[in-house]
Amino acid sequence: MHVNCPYCDAVLYVDTDDNTVYGGGKNEMSCDKCESNFVFTAEINITYDSFKADCLNGVPHKYELTHTYPKEFSKMECIMCGKLKDLTIEERKKHNIGTISEYFKNITNESR
Ligand SMILES: [Zn+2]
Ligand SMILES: [Zn+2]
340 MHVNCPYCDA VLYVDTDDNT VYGGGKNEMS CDKCESNFVF TAEINITYDS
390 FKADCLNGVP HKYELTHTYP KEFSKMECIM CGKLKDLTIE ERKKHNIGTI
440 SEYFKNITNE SR
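Position 76, counted from 1, in the sequence shown is what the working numbering calls 415; the numbers after and before it change by one each time, with no gaps.
Right under this line is the structure:
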């Protein structure tokens, strides 16, 4: 990372290997060129990705089964907005997934 000296505008290299300069705090530094002391702040650039979410604009959510183990804990997740919902009885049947209480019943039976 580089900062400009606020006094002489020299471009100065900052060693950011240990990441301690990040976090919004002030870091002291002295200029190699004009020997002025100054402080700088640094922030890691956060990038945002944006995706279309038609379901937030009046289109029905498009749910797909999450890949969860055990599968009884699976949920339906909207592939557009990421909204989660529990499976309906029909969806459990369709994907051959039992309910969570059935799952616990099965483990208790197996341990006997
Ligand atoms: Zn300077
Ligand atoms: Zn959605």
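Just so you know, even glycine gets a beta-carbon here, dropped at the ideal spot from N, CA and C.
Close beta carbons around residue i, own chain, < 8 angstroms, minus the five adjacent residues each side
| i | result |
| --- | --- |
| Asn343 | Ala349, Val350 and Leu351 |
| Tyr442 | Pro409, Glu411 and Phe412 |
| Thr405 | Ser413, Lys414, Met415, Glu416 and Leu423 |
Alpha-carbon to alpha-carbon, residue j and residue i
| i | j | result |
| --- | --- | --- |
| Ile383 | Val360 | 10 angstroms |
| Phe390 | Tyr408 | 28 angstroms |
| Lys365 | Leu395 | 41 angstroms |
| Arg431 | Ala381 | 50 angstroms |
| Lys422 | Ser440 | 23 angstroms |
| Asp354 | Met340 | 7 angstroms |
| Thr386 | Phe379 | 22 angstroms |
| Asp425 | Gly397 | 21 angstroms |
Residue i: CB within 8 angstroms of a non-hydrogen atom of ligand 3
| i | result |
| --- | --- |
| Glu403 | Only ligand 1 and ligand 2 can be found as ligands here, which leaves ligand 3 out of the picture. |
Same chain, Cβ closer than 6 angstroms to residue i, five either side skipped, listed in chain order
| i | result |
| --- | --- |
| Gly437 | Glu411 |
| Cys347 | Lys372 and Cys373 |
| Ala392 | Met419 and Cys420 |
Residue i beta carbon near ligand 2 (any heavy atom closer than 8 angstroms)
| i | result |
| --- | --- |
| Cys344 | no |
| Lys489 | The structure shown does not extend to residue 489, since the chain is modelled only from 340 to 451, so the question has no answer here. |
| Met419 | yes |
| Leu395 | yes |
Closer than 8 angstroms: residue i CB and nearest ligand 1 heavy atom
| i | result |
| --- | --- |
| Glu367 | no |
Whole-angstrom C-beta distance between residue j and residue i, which should lie under 8 angstroms
| i | j | result |
| --- | --- | --- |
| Lys401 | Ile418 | 5 angstroms |
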